[in-house]
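Residue numbers (the numbering used here), protein chains in the order written: chain D, 24 to 256; chain V, 24 to 256.
2 protein chains.
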Amino acid sequence: MTAGPLVLLVEDEVPLRRFLRTTLGAHGFRLVEASSVAEAELALGAQSPELILLDLGLPDGDGVDLTRRIREWSAVPILVLSARGREDHKVEALDAGADDYLTKPFGVEELLARLRVALRHASASRAPDAAVLELDGLRIDVARRRVTLRGAEVHLTPIEYRLLTTLAKHLGRVVTQQQLLTEVWGHAHAHHTHYLRVYMAALRRKIEDDPARPKLLRTEQGVGYRLRDPREG
Amino acid sequence: MTAGPLVLLVEDEVPLRRFLRTTLGAHGFRLVEASSVAEAELALGAQSPELILLDLGLPDGDGVDLTRRIREWSAVPILVLSARGREDHKVEALDAGADDYLTKPFGVEELLARLRVALRHASASRAPDAAVLELDGLRIDVARRRVTLRGAEVHLTPIEYRLLTTLAKHLGRVVTQQQLLTEVWGHAHAHHTHYLRVYMAALRRKIEDDPARPKLLRTEQGVGYRLRDPREG
DNA sequence: CCCGCGCGTCAAGAATGCGTAAAGCGCCCC
DNA sequence: GGGGCGCTTTACGCATTCTTGACGCGCGGG
């Protein structure tokens, strides 16, 4: 008996949780349970599940927001369960970073199959995203959402932070404007290239010694931007 | 103007295909269409789509089998569309290697959102391809979009870069002027052969020791150009 | 021998893209 | 309800890049 994947189940309705517990358990999954957003975040801090089964409509907060927050630092598969079948809800959750969306009531076999798909993806794309990145004097601590420059904390707005971490994720490589826009602002803003200029300027003011002659945040004219890896040229 | 992802649409019903064509087209996707399993396999041989939209219930074969065959050699995301909502069908398709399963009728926005999820997965799991080409002192790092000459970075404009990489793609072989023009400038400029001379000159100035006597960027009179492979003639 | 053609070179103007400042607006917290 | 903060939007100047036209050279055919 090998221990199956660890699943975080976030669900407030007791009967459904009970049901899923036995069903998933019977199929070899190990379970951590949470019945609210707060508990879920706690559990995420303590364990690192290989998959999250997330019910929307929790008592203490929005599951979509939780999804977004998780996506800032983790790529763990998130399967959303919801009583709401409305299309815009689905789109919102999926765009927030969820990997699948099941409308209640759903069949157990389908749930299991979609779970397998999600785990397949996860094992295929296991990318070692470093929790802390240090270049020159700049330090990006993704786990703590902290950026420091030669020890001093740099305050970044949410967008600035996401812009920086998106670039960091592709350290040394060019990230196209489209990519940045969709990853930071969402696909709906993929053509607002001006945002990039405004926020790049802001970021450079905060982390570059000479914002007019950037060492880290390099422009690739007509293509995108790149966070330069100081280890190479 | 960036060209969107290439999608292979496998669907035999003409009205639905028509509808998806316009819808996806309007959202920036490029489309290849097939109306049967045979056509789909043909198209897969000719092109390499970034995503497959596959209707089950094709006239000449089983879509699930097709999925399995594709999975033997490719990880391209497959979204299944089906009129059949039965759970065992879904499980079968998903376990065969499909990444998602939508039951008709489905909403366009949901389809687009799930498409985005699939593409997100694909780009996340794309292996860091070490596509580096080195000839003499010239180094072309496609992943980083960087060109260096004996260690020193060479700055290329977007067109120069595309011209060089297009030639590199056919290393050692002649690339006709038509081919270069359509691949770099697009179909509409296939007759502006003068562009080639201007940009070849610029490229040679940047990467040749003696631009007047080019070692790498050879002219093939009346035909096109060739990036010489120093390992051979 | 001269002309036409293809290629290479140069340079100027047009078009595009980028950086910067600053103002308006909504939101939340005090 | 006022102030601070962050996001969006507008305006403008500057830099880079693209396009276009002019010209010279060499070669081969008429």
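Glycine included, every Cβ here is placed at the ideal spot set by N, Cα and C.
Worksheet item: Do you know how far the Cα of D:GLY160 is from the Cα of D:THR171?
Response: 8 Å
Worksheet item: Tell me the DSSP bridge mates of V:GLY160?
Response: In the DSSP output, where bridge partners are listed per residue, V:GLY160 has none listed.
Worksheet entry | Members of the stretch 64-87 of chain V near chain D, C-beta cut-off 7 Å | none
Worksheet item: If you measure beta-carbon to beta-carbon, which residues of the stretch 98-127 of chain D are closer than 9 Å to chain V?
Response: ALA98, GLU110, ASP111, LYS113, VAL114, GLU115, ALA116, LEU117, ASP118, GLY120, ALA121, ASP122, ASP123 and TYR124
Fill in: Partners in chain V for D:GLY245, counting only beta-carbon separations shorter than 7 Å
PRO181
Worksheet item: Residues of chain V with a CB under 8 Å from the CB of D:ARG139: which are they?
Response: LEU117 and ASP118
Worksheet item: Taking contact to mean at least 3 C-beta pairs separated by less than 8 Å, is the stretch 240-252 of chain V in contact with the stretch 186-205 of chain V?
Response: yes
Practice prompt. Answer yes if the stretch 32-47 of chain V comes into contact with the stretch 216-232 of chain D, meaning at least three C-beta pairs across the two stretches below 8 Å, and no otherwise.
Written response: no
Worksheet entry | Straight-line Cα distance separating D:ALA61 from V:GLU56 | 47 Å
Worksheet entry | Cβ contact (3+ pairs, closer than 8 Å) linking the stretch 163-181 of chain D and the stretch 226-238 of chain D | yes
Discussion item. Going by DSSP in three states, D:ARG40 sits in which element: helix, strand or coil?
Written reply: helix
Worksheet item: How long is the line joining the alpha carbons of V:ASP88 and V:ALA106, rounded to whole angstroms?
Response: 17 Å
Worksheet item: Looking at C-alpha atoms only, which residue of V:ILE182, V:GLU132 and V:ASP85 is the closest neighbour of V:ALA49?
Response: V:GLU132
Worksheet item: Between the Cα of V:ALA154 and the Cα atoms of V:SER146, V:ILE163, V:ALA66 and V:SER148, which residue gives the shortest distance?
Response: V:ILE163
Worksheet entry | Proximal residues to V:ARG241 (C-beta, below 6 Å), its chain only, five neighbours per side dropped | ARG249 and ARG251
Worksheet item: Quick one: is V:THR90 buried, meaning 16 or more other Cβ sit within 10 Å of its Cβ, or exposed?
Response: buried
Worksheet item: Roughly how many angstroms separate the alpha carbons of V:GLN244 and D:ALA211, rounded to a whole number?
Response: 48 Å
Fill in: Pairwise C-alpha distance: D:THR188 and D:ARG2
One cannot answer for residue 2 of chain D here, as it falls past the ends of chain D, which runs 24 to 256.
Worksheet entry | chain V contacts made by the stretch 191-220 of chain D, where a contact means CB separation under 7 Å | GLY195, ARG196, VAL197, GLN201 and HIS210
Discussion item. Give me, in chain order, the residues of the same chain whose beta-carbon lies closer than 8 Å to that of D:VAL99; leave out the 5 immediate sequence neighbours on both sides.
Written reply: SER71, PRO72, GLU73, LEU74, ILE75, ILE93 and ALA145
Worksheet entry | Opening and closing residue of the beta strand (DSSP E) in which D:THR180 lies | Per DSSP, D:THR180 belongs to no beta strand (DSSP E) and is neither H nor E.
Practice prompt. State the beta-bridge partners of V:GLY84 as determined by DSSP.
Written response: V:LEU81
Worksheet item: At a Cβ threshold of 7 Å, is D:HIS50 touching chain V?
Response: no
Worksheet item: Under a three-way DSSP split, which group does V:VAL165 fall into?
Response: coil
Worksheet item: Can you find a CB in chain V that lies within less than 7 Å of the CB of D:GLU95?
Response: no
Fill in: Neighbour flag for D:GLY27 against chain V, beta carbons, 7 Å
no
Worksheet entry | Where the alpha helix (DSSP H) through V:ASP118 begins and ends | 110-119
Practice prompt. With hydrogens ignored, establish whether the beta-carbon of V:VAL114 is closer than 6 Å to any heavy atom of the ligand COA.
Written response: Among the components of this structure there are no ligands whatsoever, and the ligand COA is therefore not found.
Worksheet item: If you compare alpha carbons, which of V:GLY51, V:ASP78 and V:ARG53 is closest to V:ALA63?
Response: V:ASP78
Worksheet item: If you check the beta carbons only, do V:VAL198 and V:LEU190 fall under 7 Å apart?
Response: yes
Worksheet item: On the premise that V:ALA136 lies in contact with D:ASP118, defined as a C-beta separation below 8 Å, what is that separation, rounded to the nearest angstrom?
Response: 6 Å
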